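Peer 1: In our numbering, the protein residues as written are 804 to 1016.
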């Protein structure tokens, strides 16, 4: 998606003080089967310009295949459009210690700074269904009270958080109600393999909602 230049300029200015790199636009059709909302691009995505193209992305595409949906049929975006990173020491094979960038979870300030872009996407795409991946995407829309472990696999119908105004650093609630289907982030199974069965169950439920739409 092509964003208005003033929005991109504002987001980059608001996020200049954070450890972020690159910029990745949301991608997908104007009338998707559903919108996929993740947390932020990682190193792979920033380098090749394709959302969910790294290890987690390959797992996500496998999940979509299970419900007979292709990448080209969904709109893919995230709460933050740049890669959040942190510096950590890494020991090379030759024993040398180097500083290396690692992906990290975006913080609330970064989510607020990038909020105008997601608000714009939601207005333009107006999705029938939003599938959130993990807590960051879920809580960007529904607030901090909902957790993925409690509501995954449920179809929520409710207002969503949007930036109060362009000068604000706080959210307000939309007048419109949206259909939101939360599930676990595909990367979660790399750390907790037991979540895979829960994700499969969520996918079966999601498949029925996609057919209805």
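Just so it is clear, CB atoms sit at the ideal spot from N, CA and C, and this is done for glycine as well.
Fair warning: this is a prediction, and the values are worked out from it, not measured in the lab.
Per DSSP, residue 934 forms a beta bridge with which residues?
Peer 2: Per DSSP, 839, 984.
Peer 1: What does residue 919 pair with, by DSSP beta-bridge criteria?
Peer 2: DSSP output for residue 919 lists no bridge partner at all.
Peer 1: At 3 residues or longer, what runs of the beta strand (DSSP E) sit wholly inside the segment 959–1003?
Peer 2: Correct list: 959–961, 964–966, 974–976, 981–986.
Peer 1: Could you tell me if residue 880 is buried or exposed, where buried requires 16 or more neighbouring beta carbons within 10 angstroms of its beta carbon?
Peer 2: So residue 880 ends up on the buried side.
Peer 1: Grab the span of the beta strand (DSSP E) containing residue 886 for me, first residue to last.
Peer 2: Here the beta strand (DSSP E) through residue 886 covers 886–894.
Peer 1: Are residue 987 and residue 934 closer than 7 Å when you measure CB to CB?
Peer 2: For residue 987 and residue 934, no; Cβs fall outside 7 Å.
Peer 1: Please report the residue range of the alpha helix (DSSP H) in which residue 929 lies.
Peer 2: Taken as a continuous stretch (DSSP letters only), residue 929 belongs to no alpha helix (DSSP H), as it is neither H nor E.
Peer 1: Quick one, which of 859, 870, 815, 807 has its alpha-carbon nearest residue 1004's?
Peer 2: Cα-wise, what sits closest to residue 1004 is 870.
Peer 1: Determine the contact status of residue 961 and residue 980, defining contact as a CB-CB distance below 7 Å.
Peer 2: Contact: yes.
Peer 1: In this structure, what does DSSP give as the bridge partners for residue 904?
Peer 2: According to DSSP, which records beta bridges pairwise, residue 904 is partnered with 890.
Peer 1: Got a sec? Which residues, its chain only, sit under 8 Å from residue 875 by beta carbon, not counting five neighbours each side?
Peer 2: 831, 832, listed in sequence order.
Peer 1: With 16 other CB atoms within 10 Å as the buried threshold, where does residue 838 fall?
Peer 2: Looking at its Cβ environment, which holds 16 or more other Cβ atoms inside 10 Å, residue 838 is buried.
Peer 1: Figure out for me which residue from 917, 1013, 964 has the closest Cα to the Cα of residue 1045.
Peer 2: Only positions 804 to 1016 of the chain appear in this structure, which leaves residue 1045 out of reach.
Peer 1: What's the gap between the Cα of residue 1000 and the Cα of residue 810?
Peer 2: In a straight line, the C-alpha of residue 1000 is about 40 Å away from that of residue 810.
Peer 1: Have a look at residue 967 and residue 868 and give me their C-alpha separation to the nearest angstrom.
Peer 2: For residue 967 and residue 868, the distance between alpha carbons rounds to 37 Å.
Peer 1: Exposed or buried, residue 865, counting other C-beta atoms within 10 Å across all chains shown (16 or more means buried)?
Peer 2: Result: exposed.
Peer 1: Does DSSP put residue 808 in a helix, in a strand, or in coil?
Peer 2: Helix at residue 808.
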